[in-house]
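J.:
Protein chains in written order, with my numbering: chain S, 1 to 10; chain E, 1 to 215.
Right, here's the structure in full:
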């Protein structure tokens, strides 16, 4: 289960 | 963006610049594992496909483009540059990196956030990045001298991993709904591999002897 939103890390 | 994340990204950027600088100016890639560099190129190529589908920030896009360009440039130098490719320790760099790719891909097919093309490839890139340093560590163990630049390269890669863990802890406590198990666990595995290497690296440096990792 993951947090919402796009992958904003590199 | 927090200070840990920025420090992590800058360490990552700096480690790659160091490696490019070494290869470009000394025209030598002695001590550098092509297997690891090819794995990193594959990691970035599969992770940053979202460059075409979504926009996060100019910083994000530029960094992704730099990582893509630099990883493929390093691989190109080591494989095809007339002078550089001759300094490649081909006989020492024997790790079978293909054996890392398939298990990571199968794991990504089984354990992922969403079963979509981009998500599975993104997850695959995380698993692969966690183990991509292994050929480099094996090569460091086999090569007689860890020269300064290669040692610094691995050191800054390790710093990048450490700062990212601080970044995750910081974000977990400051943002709502920030939890990313896949990222965290593969990141921890990767950092553990580095920590193990650091222990032996520092030990051999203090005794000024040849680096010896346990079999």
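Every residue gets a Cβ at the ideal spot worked out from N, C-alpha and C, and that includes glycine. Being a predicted model, the structure only gives us computed values, none of them experimental.
Any contact between the stretch 124-138 of chain E and the stretch 32-47 of chain E? By contact I mean 3 or more CB pairs, one from each, below 8 Å.
T.: Result yes; three or more Cβ-Cβ pairs closer than 8 Å.
J.: Can you tell me whether DSSP reads residue 35(E) as helix, strand or coil?
T.: Helix.
J.: Looking at the unbroken alpha helix (DSSP H) that takes in residue 151(E), where does it start and where does it end?
T.: Start and end: 148-174.
J.: Within the continuous alpha helix (DSSP H) that includes residue 130(E), where are the two ends?
T.: Run containing residue 130(E): 117-131, per the alpha helix (DSSP H) assignment.
J.: Among the residues of its own chain, which have a CB less than 6 Å from the CB of residue 7(E), if the five just before and after it don't count?
T.: Closer than 6 Å at Cβ, skipping near neighbours: 163.
J.: Between 119(E), 29(E) and 106(E), which has its C-alpha nearest residue 6(S)'s C-alpha?
T.: If we check each option's Cα against that of residue 6(S), 119(E) comes out closest.
J.: Based on Cα-Cα distance, which residue from 19(E), 4(E), 172(E) and 11(E) lies nearest to residue 147(E)?
T.: Ranking the options by Cα distance to residue 147(E), first place goes to 19(E).
J.: Give a yes or no on whether the minimum CB-CB distance between residue 65(E) and chain S is below 7 Å.
T.: With 7 Å as the cut-off, residue 65(E) does not count as an interface residue toward chain S.
J.: Measuring CB to CB, does residue 157(E) end up less than 7 Å from residue 15(E)?
T.: Contact: yes.
J.: With distances taken from CA atoms, which of 151(E), 124(E) and 177(E) is nearest residue 47(E)?
T.: Closest by alpha carbon: 124(E).
J.: Could you check if residue 9(E) is buried or exposed, using at least 16 other CB atoms within 10 Å of its CB as the buried criterion?
T.: Buried, since its Cβ has 16 or more Cβ neighbours within 10 Å.
J.: Could you tell me the alpha carbon to alpha carbon distance between residue 55(E) and residue 65(E), rounded to whole angstroms?
T.: Using only the alpha carbons, I get a separation of about 13 Å.
J.: Between residue 161(E) and residue 183(E), what straight-line distance do the alpha-carbon atoms span, to the nearest angstrom?
T.: Looking at the two C-alpha atoms, the distance is approximately 12 Å.
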